[in-house]
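Asks:
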Amino acid sequence: MQWVYEAFRLAIDKPSVPAPCSAATLATNTRTLGAFSNVLKDYRVAARVGKHHGDALPDTGAQKNLISPQLAEKAGLVPHKETQRMIQLPTGDQLLSPGTANVPFSFAGELESYVLECSILAGCSDDLVLSATLLHTTRTLAEFRQRIRERKTRFPTLKIFMSHIPAIERHAGQSDQNESLGFAALSSLMASDKDQELLIFRKFDELSARNLLYLQCELLVVEGDLERCDELVSKSGDTVLEQAAETWEIMVEQAKGGKPEAIAMMKLVDRPRTKMKEYHEALELQSRVAGLHRPERRALNVARNELHGGPMRPDDRWPNPVIGGKAKYYLDSEEDLISLRAPVETDPLSNILRAYWPGKEETSRDGLRRISRYEERSITIAVALINILVAIILLVGSITSLYYVASPAATLGMICAFTVLFAPSVGLMPNEKRAEIFAGSAAYAAVLVVFVSNGQLSGGGSSKQT
1 MQWVYEAFRL
11 AIDKPSVPAP
21 CSAATLATNT
31 RTLGAFSNVL
41 KDYRVAARVG
51 KHHGDALPDT
61 GAQKNLISPQ
71 LAEKAGLVPH
81 KETQRMIQLP
91 TGDQLLSPGT
101 ANVPFSFAGE
111 LESYVLECSI
121 LAGCSDDLVL
131 SATLLHTTRT
141 LAEFRQRIRE
151 RKTRFPTLKI
161 FMSHIPAIER
171 HAGQSDQNES
181 LGFAALSSLM
191 ASDKDQELLI
201 FRKFDELSAR
211 NLLYLQCELL
221 VVEGDLERCD
231 ELVSKSGDTV
241 LEQAAETWEI
251 MVEQAKGGKP
261 EAIAMMKLVD
271 RPRTKMKEYH
281 EALELQSRVA
291 GLHRPERRAL
301 NVARNELHGG
311 PMRPDDRWPN
321 PVIGGKAKYY
331 LDSEEDLISL
341 RAPVETDPLS
351 NILRAYWPGK
361 EETSRDGLRR
371 ISRYEERSIT
381 IAVALINILV
391 AIILLVGSIT
401 SLYYVASPAA
411 TLGMICAFTV
421 LFAPSVGLMP
431 NEKRAEIFAG
441 SAAYAAVLVV
451 FVSNGQLSGG
461 GSSKQT
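Per full-length UniProt numbering, the sequence shown starts with residue 1, numbered consecutively.
Spelled out as structure tokens, the structure:
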């Protein structure tokens, strides 16, 4: 059952299309409808509302038809008077509906038309939601199952490695009365990642630069005041004042004695101390923040999907943001994002394994995508084992092969071939620099040349002695 607000099954007592139906029939029909409520699949019904064509969501958990305000406005629908009401969601929240409207509806490719009583509700996962009663009355799930089609679009699995799997997996179509909302839900999601890969935040580069500029300007003013004070003292001809400028103890003594010039000098000397500390601390913190890494694309996709409740809709709106206000857009500024997680190995081999590594899968908040959780330690172990295996093959395999080769041309060709294979294998290792790759390849080739040049050990050597 696919809804925003996690599980959006409305508790409304009035059915959309009145139809006589026994309890036994409803029970049987509910089991049939369950086949179309798999949260891992996405079903739609091609429909027409007036002159507008589109897809409708067949929701087996909805007891009333729903229409979005945008589609209602396009179709020129006006809510009936005195039908405005509060609708209570399974989570306990209440949402205000401006009222109901009579919606001209028909299935795509069919001549028969219907007039649906739909509640206008903002935040629906789709512009039009068909209730279970309507699906039963129109025999959509019995004789006309061809109306319901599975979307061809396949959402990719969102990969994220985590060392802890939550005991409770949330799925669309299931509601939890104790489920956290808003910032509590978002912080809980971040905390569930023990590898801290979802700790993604804005660093506010522009705002930080402006703050540093303001602090710098304040210090420039203080610096200018000190320079003017020094100039006034040097031009004053006042011996006592010059002594105060030259000797700290005299300045303090004159200030305690109430001399205005000395008091002004003491205040001026004290001004930069607090600002200098604040400025230097801001510089140091900004330097640390600038050294933080950007989040990986894979982790960012997971965070965005959970924050927004799914991919952006065609009308450039997010389906179901977990938080509101400007905060729900904080992941949109990709160039200004940082991850608090320590950087992991970014070698090509590790990246390839992360993309295809199997893990514990669970459904995301939108009920469509899936999140795969696995431990980063398993990737590290796999990379180490692969490196060991490659080293054994290239070292032992090359020596063994050269031992049985007698032709100088074949020996030279094998040395070149093994060296060419060795260089990229070293490049796949973590944190290898270009100089290290070159040095390692040269050393490897030198070992093979030394082995071949020893005629007593190589196969070619025995032929030379005859």
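Beta carbons: idealized from backbone N, C-alpha and C, even for Gly.
Since this is a predicted model, take the numbers as computed values, not measurements.
Would you say the stretch 437 to 456 touches the stretch 392 to 411, given that touching needs at least three Cβ pairs under 8 angstroms?
Replies: yes
Asks: Helix, strand or coil: how does DSSP classify Glu117 here?
Replies: strand
Asks: Using C-beta distances below 8 angstroms, list every residue in its chain close to Val426, excluding the 5 sequence neighbours before and after it, in chain order.
Replies: Here the set comprises Glu432, Glu436, Ile437, Gly440, Ser441.
Asks: Closer than 7 angstroms by C-beta to Arg304: which residues in its own chain qualify, once you throw out the five before and the five after it? Chain order, please.
Replies: A distance below 7 angstroms between beta-carbons, with the five flanking residues on each side excluded, links Arg304 to the following residues of its chain, in chain order: Leu331.
Asks: Short of 6 angstroms in beta carbon distance, which residues of its chain neighbour Ala446, apart from the five on each side in sequence? Order them along the chain.
Replies: Nothing listed; no residue qualifies.
Asks: Just to confirm the assignment, what range does the beta strand (DSSP E) spanning Pro58 have?
Replies: 52 to 58
Asks: Would you grab the beta carbon distance between Glu197 and Ala299 for me? Rounded to a whole angstrom, and I think it's under 8 angstroms.
Replies: 4 angstroms
Asks: Roughly how many angstroms separate the alpha carbons of Leu448 and Cys416, rounded to a whole number?
Replies: Between Leu448 and Cys416, the C-alpha separation is close to 10 angstroms.
Asks: Could you give the residue range of the beta strand (DSSP E) that holds Leu111?
Replies: Here Leu111 belongs to no beta strand (DSSP E), and DSSP marks it neither H nor E.
Asks: Going by other Cβ atoms of all chains shown within 10 Å of its Cβ, with 16 needed for buried, is Gln254 buried or exposed?
Replies: buried
Asks: Could you tell me the boundaries of the beta strand (DSSP E) in which Leu95 lies?
Replies: Membership of Leu95 in the beta strand (DSSP E) is indicated by the continuous run 94 to 97.
Asks: Looking only at its chain, what residues have a beta carbon closer than 8 angstroms to the beta carbon of Leu212, apart from the 5 residues adjacent to it on each side?
Replies: Tyr279, Ala282, Leu283, Gln286
Asks: Between Asp193 and Ala56, what straight-line distance do the alpha-carbon atoms span, to the nearest angstrom?
Replies: Between the alpha carbons of Asp193 and Ala56 lies a gap of roughly 36 angstroms.
Asks: With 16 as the cutoff for other CB atoms within 10 Å, does Ala245 come out buried or exposed?
Replies: buried
Asks: Leu26 to Pro348, Cα distance in whole Å?
Replies: For Leu26, the predicted model reports a pLDDT of 35, less than 50, meaning its position is unreliable and no value from the coordinates is stated.
Asks: Could you give the distance in angstroms between the alpha-carbon of Phe107 and the alpha-carbon of Val115?
Replies: 12 angstroms
Asks: So, helix, strand or coil for Ala255, using DSSP?
Replies: Helix at Ala255.
Asks: Can you tell me where the alpha helix (DSSP H) with residue 479 in it begins and where it stops?
Replies: Look at the range of the chain in this structure, 1 to 466, and you will see that residue 479 is not part of it.
Asks: Buried or exposed, going by whether 16 or more other CB atoms sit within 10 Å of the CB of Glu82?
Replies: exposed
Asks: Name the residue from Ala342, Gly237, Thr380 whose alpha carbon lies nearest to the alpha carbon of Leu353.
Replies: Thr380
Asks: Taking just the CA atoms, how far does Val289 sit from Arg44?
Replies: 46 angstroms
Asks: Who are the near neighbours of Ser333 in its chain, counting only those whose CB is closer than 7 angstroms to its CB and skipping five residues on each side?
Replies: Arg202
Asks: Near Leu232, which residues of its chain fall below 7 angstroms by C-beta distance, leaving aside the five closest residues on each side in sequence?
Replies: none
Asks: For Pro104, which three-state DSSP category applies?
Replies: strand
Asks: Are Leu186 and Ile323 touching if we call contact CB-CB under 7 angstroms?
Replies: yes
Asks: Looking at C-alpha atoms only, which residue of Ala423, Pro260, Ala101, Gly224 is the closest neighbour of Val240?
Replies: Pro260
Asks: Considering Cα atoms alone, identify which of Ser398, Asn320, Arg294 is closest to Arg341.
Replies: Arg294
Asks: Rounding to the nearest angstrom, what Cα-Cα distance links Glu375 and Leu421 in this structure?
Replies: 30 angstroms
Asks: As a quick exercise: from Leu226, Glu227, Ala46, Ala262, pick the residue whose alpha carbon is nearest that of Glu242.
Replies: Of the listed residues, the one whose Cα sits closest to Glu242 is Ala262.
Asks: For Ile392 and Leu412, I'd like the C-alpha separation in whole angstroms.
Replies: 21 angstroms
Asks: Determine the closest residue to Pro424 out of Thr247, Ser378, Asn387, with distance taken between C-alpha atoms.
Replies: Asn387
Asks: For Glu296, does the count of other Cβ atoms within 10 angstroms reach 16, so buried, or fall short, so exposed?
Replies: Burial call: buried.
Asks: Which term fits Pro408, buried or exposed, when burial requires 16 or more other beta carbons within 10 angstroms of its beta carbon?
Replies: exposed
Asks: If you draw a straight line from the alpha carbon of Thr247 to that of Met190, how long is it in whole angstroms?
Replies: 58 angstroms
Asks: Taking Ser68 as the reference, give the member of Leu181, Met265, Cys217, Asp126 with the closest Cα.
Replies: Asp126
Asks: With DSSP as the reference, label Gln84 as helix, strand or coil.
Replies: coil
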